[in-house]
Structures are given as structure tokens and as C-alpha cells.
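Trainee: Would you mind keeping the following structure in view while I ask a few things?
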Amino acid sequence: MTAQILDGKATAAAIKSELTTRVEALKAKGVQPGLGTLLVGDDPGSRWYVNGKHRDCAQVGIASIQRELPETATQEEIEAVVRELNEDPACTGYIVQLPLPKGIDANRVLELMDPAKDADGLHPMSLGRLVLGIEGPLPCTPYGIVQLLRRHDVEVKGAHVVVVGRGITIGRPMPLVLTRKSENATVTQCHTGTRDLSAHLKQADIIVAAAGVPHIIKPEDVKPGAAVLDVGVSRDEAGKIVGDVHPGVAEVAGWVAPNPGGVGPMTRAQLLVNVVEAAERAAG
Ligand SMILES: Nc1nc2c(c(=O)[nH]1)N[C@@H](CN(C=O)c1ccc(C(=O)N[C@@H](CCC(=O)O)C(=O)O)cc1)CN2
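In my numbering, each residue carries its 1-based index in the sequence shown increased by 1065.
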């Protein structure tokens, strides 16, 4: 293996340590930040992610509010919990864990959230703010990726980034974050309608692979020295994660974010950043 590792675990640990100091300063002003989560259904992956978020909160001094509903919950029952979280003063920010069960209108649920409590940066108002260049919470995975690159001194300004995928949590908002003046990257977005993925990938200085297609990024499609971030999550028969990036890419790339251990921990760290920043804004 020749590529250097974009170490998400170590970087997230550094961010959490910085946040601990900021949370202490908030508490000294009488402000206790609290993260709420709403988990609907029994998906073991989603449960693992939500539990991880609350473990992180405990580490940095953020309070936890955990709400759960069964897989059979109706749209109305989910919306009732969202209204409760909107009203709960102990909950300064919250997330609705995605995906929601089949048949639930996730957009309607997201729209119902109080935008001032959107810890995920996925509320339509937060995404609109991002488009307009107004300060607000940033989507956790896209901004976690930017932080991971910055903290390893990988140049984002002027880089050509190819994003593969257009899902709500990563692919769709990723170009919005990367093309802000502060990031100033040039972005090509590829998806299932892209004719020649390989031709686009070969041009990339940075590849963000969020297609959810095992090993779709092959060594022969990667420019030598490029940074490749694997965000795809598929599972093999034993339940082990299989990413979007073929292991042979590490022989060609300059940098790789492994999966697990790369972008996932950064998603969780950025969520805490959003909670702390919202509490800081509220505290003036
Ligand atoms: N409301 C949201 N739902 C979802 C989001 C999101 O940002 N907001 N993103 C993903 C899931 N996710 C956070 O919720 C998430 C994914 C992965 C990780 C992580 O740390 N992964 C580990 C590996 C875990 C494993 O072995 O299964 C890693 O990469 O090292 C954290 C959070 C979809 N839903």
C-alpha cells in the first residue's frame, strides 16, 4: 500500500477534545447543550449509529435525549415526537435518523423540524441557507469530509472533486459545501445517469465515493496521487462493511479514507460541532 491514510478516528478525537472546552465554556454561562435523536424501527445499523452519537455526547459533556418508535409507527406518531422535540427546552438540537421506514414521507418529517434545532443541516431551511451562503448548520458528512481533508493538508481549493452519488445525506449536499468560496473546489457530480464514470474519475484530484455500490471505484480509474474517500456502505453476507472503493486503489492513490475508520467518525464529530455551534449562537 502506498497511499497515506485520512485517519477519521484520530481526527474526530481531536475535534471532540476541542469541543469539550467549548462545552465547558457554555456551561459556565449556564447553557447546557442537549442532542435529541429520533430512531424509528429496528435497523441494527441505524441503532448502532444513534448509540454512537450518544456515546460521543457523553464524552464531550452534551446531554442526551433519546426517542424511539417501532417500525410500525405512523406518519402522525413520528410527527408528534418531532413536535415534542421542537418544544423540549432541554433539546437544543436534534436529528431524525435516516432512512425512515418505507411508506413514511421523510421530507414532511424534516420540514416539520424547528430549523433552529436542526443538528444535521438537512432541514430545507438549512440547505437553502447553504445555497444562499448564509451561516447555519452544515450537513455532517460533507463538512466532515472537508475537515478530514483540511486536517491532513490535502488541498481542496482549486481541486477537481468528483462526487459519485446523489443521496440526501452526502451526494446531493457535497457539491454545495465544496463550491462555497471558503472551499473553492470545482465539482463534477456523477450518478446512475452518468454515461462514462471512468472518464470522469480519471480527471479527479479528489474522489468522494458515496454510491453504495461495492468496489465501483477501481484502481485503473484513479489518477496517481489522488485523494479517495470511501463513504459507501454495503454489507457482505457476514454483515461486514464493503465500501465503494476497491482495495487496490490504495496502490495508486496518494490518500485514502478507509471504510470503516475514515469518514464515519467525522460524520459523528461534525454533528457535535453543529450542536455546540447552535448552542453558542443561542447564547450570543
Ligand atoms: N439523520 C441522519 N441519518 C443518517 C446520516 C446522517 O448524517 N444523518 N448518515 C448515515 C449514518 N450515520 C449517521 O447517522 C453514520 C454512518 C457511519 C458512521 C460510522 O462511524 N461508521 C463507522 C463504521 C460503523 C460500522 O462498522 O458499521 C466507520 O466508518 O468507522 C457514523 C454515522 C445515514 N443516516
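C-beta: ideal position from N, C-alpha, C; glycine also.
1) At a cut-off of 8 angstroms, is PRO1180 close to ligand 1 when judged by its beta-carbon and the heavy atoms of the ligand?
2) With distances taken between CB atoms, is the gap from ASP1185 to VAL1161 smaller than 9 angstroms?
3) Quick check: the Cα distance between GLY1232 and ALA1318, rounded to an integer number of angstroms?
4) Hey, could you find the ends of the alpha helix (DSSP H) ALA1093 is sitting in?
5) Among LYS1283, THR1332, ALA1250, which residue has its Cα nearest to the Cα of LEU1266?
6) So for LEU1165, helix, strand or coil by DSSP?
7) Report yes if the C-beta distance between GLY1367 and LYS1182 is below 9 angstroms; otherwise report no.
8) With DSSP collapsed to three states, give me the class of ASP1286.
9) State the CB to CB distance for the pair THR1251 and HIS1280, rounded to an integer number of angstroms; the pair is presumed to be in contact (CB under 8 angstroms).
10) What is the DSSP secondary structure of GLU1176, reduced to helix, strand or coil?
11) Going by DSSP, what residues sit across from GLY1099 in a beta bridge?
12) Give me the DSSP bridge partner(s) of GLY1230.
13) Cα separation between LYS1092 and ALA1123?
14) Give the C-beta separation of GLY1230 and GLY1236 to the nearest angstrom, bearing in mind that I take them to be a contact with Cβ-Cβ under 8 angstroms.
15) For ASP1107, is the classification buried or exposed, using 16 other Cβ atoms within 10 angstroms of its Cβ as the cut-off for buried?
16) Any heavy atom of ligand 1 within a distance shorter than 8 angstroms of the CB on ASN1116?
17) In whole angstroms, what separates the C-alpha of VAL1147 from that of VAL1340?
18) Name the one or two DSSP bridge partners that ILE1306 has.
19) Straight-line CA distance for ASN1324 to GLN1268?
20) Thinking just about the alpha-carbon of each residue, which of ARG1215, GLY1168, LEU1104 is nearest to the one in ALA1322?
21) Residue ranges of each alpha helix (DSSP H) run of no fewer than 4 residues wholly in the segment 1191-1245, ordered along the chain?
22) Just to check my reading of the structure: LYS1118 and LEU1336 have Cβ atoms closer than 8 angstroms, yes? What is that Cβ distance to the nearest angstrom?
23) Hey, out of CYS1255, SER1263, LYS1288, whose CA is closest to ASP1270's CA?
24) Might you give, ordered along the chain, the residues of its own chain that have their beta carbon closer than 7 angstroms to the beta carbon of ASP1170, omitting 5 neighbours on each side?
Mentor: Here's the rundown:
1) Residue mapping note: residue 1180 aligns to position 115 of the sequence shown, counting from 1. Not under cutoff, so the answer is no.
2) Position 120 of the sequence shown, counted from the first residue, corresponds to residue 1185. Position 96 of the sequence shown, counted from the first residue, corresponds to residue 1161. A contact, by the Cβ cut-off of 9 angstroms.
3) Stepping through the sequence shown from its first residue, residue 1232 is reached at position 167. Stepping through the sequence shown from its first residue, residue 1318 is reached at position 253. Cα to Cα, the separation comes out at about 25 angstroms.
4) One-based indexing of the sequence shown puts residue 1093 at position 28. ALA1093 -> alpha helix (DSSP H) spans 1073-1093.
5) Taking the sequence shown and counting its residues from 1, one reaches residue 1266 at position 201. The shortest C-alpha separation from LEU1266 is found at LYS1283.
6) Position 100 of the sequence shown, counted from the first residue, corresponds to residue 1165. Residue state, collapsed to three classes: coil.
7) Outside the modelled stretch of the chain, which goes from 1066 to 1349, sits residue 1367, for which no answer is possible.
8) In the sequence shown, the residue the question calls residue 1286 occupies position 221. Collapsing the DSSP output to three states places ASP1286 in a helix.
9) The residue you call residue 1251 lines up with position 186 of the sequence shown. The residue you call residue 1280 lines up with position 215 of the sequence shown. Going by Cβ atoms, the distance from THR1251 to HIS1280 rounds to 26 angstroms, so no, they are not a contact pair.
10) Along the sequence shown, read from residue 1 onward, the residue named residue 1176 stands at position 111. GLU1176 falls in the helix class under three-state DSSP.
11) Mapped onto the sequence shown, residue 1099 falls at position 34. The secondary-structure analysis by DSSP pairs GLY1099 across a beta bridge with ALA1128.
12) As a position in the sequence shown, residue 1230 is number 165, starting the count at 1. Residue pairing by DSSP places GLY1230 opposite no residue, since no beta bridge is assigned to it.
13) The sequence position of residue 1092 within the sequence shown is 27, counting from 1. The sequence position of residue 1123 within the sequence shown is 58, counting from 1. About 14 angstroms.
14) Taking the first residue of the sequence shown as position 1, residue 1230 is located at position 165. Taking the first residue of the sequence shown as position 1, residue 1236 is located at position 171. At roughly 3 angstroms, the Cβ-Cβ gap stays under 8 angstroms, so GLY1230 and GLY1236 are in contact.
15) On the sequence shown, position 42 is the one that residue 1107 refers to. By the Cβ-count criterion, ASP1107 is exposed, with fewer than 16 other Cβ atoms from all chains shown falling within 10 Å of its own Cβ.
16) As a position in the sequence shown, residue 1116 is number 51, starting the count at 1. Ligand 1 never approaches ASN1116 closely enough for any of its heavy atoms to be under 8 angstroms from the residue's Cβ.
17) For the purposes of this step, residue 1147 is taken as the residue at position 82 of the sequence shown. For the purposes of this step, residue 1340 is taken as the residue at position 275 of the sequence shown. Distance between the alpha carbons of VAL1147 and VAL1340 is about 17 angstroms.
18) Residue mapping note: residue 1306 aligns to position 241 of the sequence shown, counting from 1. Looking at the DSSP assignment, ILE1306 forms a beta bridge with ARG1300.
19) Counting from 1 along the sequence shown, the entry for residue 1324 is found at position 259. Counting from 1 along the sequence shown, the entry for residue 1268 is found at position 203. Cα to Cα, ASN1324 sits roughly 23 angstroms from GLN1268.
20) Taking the sequence shown and counting its residues from 1, one reaches residue 1322 at position 257. Looking at the Cα atoms, ARG1215 is the closest of the given residues.
21) With a minimum length of 4 residues, the continuous alpha helix (DSSP H) runs that stay inside the segment 1191-1245 are 1205-1215, 1239-1243.
22) In the sequence shown, counting from the first residue as 1, residue 1118 sits at position 53. In the sequence shown, counting from the first residue as 1, residue 1336 sits at position 271. Rounded, the Cβ-Cβ distance is 6 angstroms, consistent with contact.
23) One-based indexing of the sequence shown puts residue 1270 at position 205. For the options CYS1255, SER1263, LYS1288, the alpha carbon positioned closest to that of ASP1270 is the one of LYS1288.
24) Within the sequence shown, numbered from 1, the residue matching residue 1170 stands at position 105. Cβ neighbours of ASP1170 beyond the five flanking positions: GLN1140.
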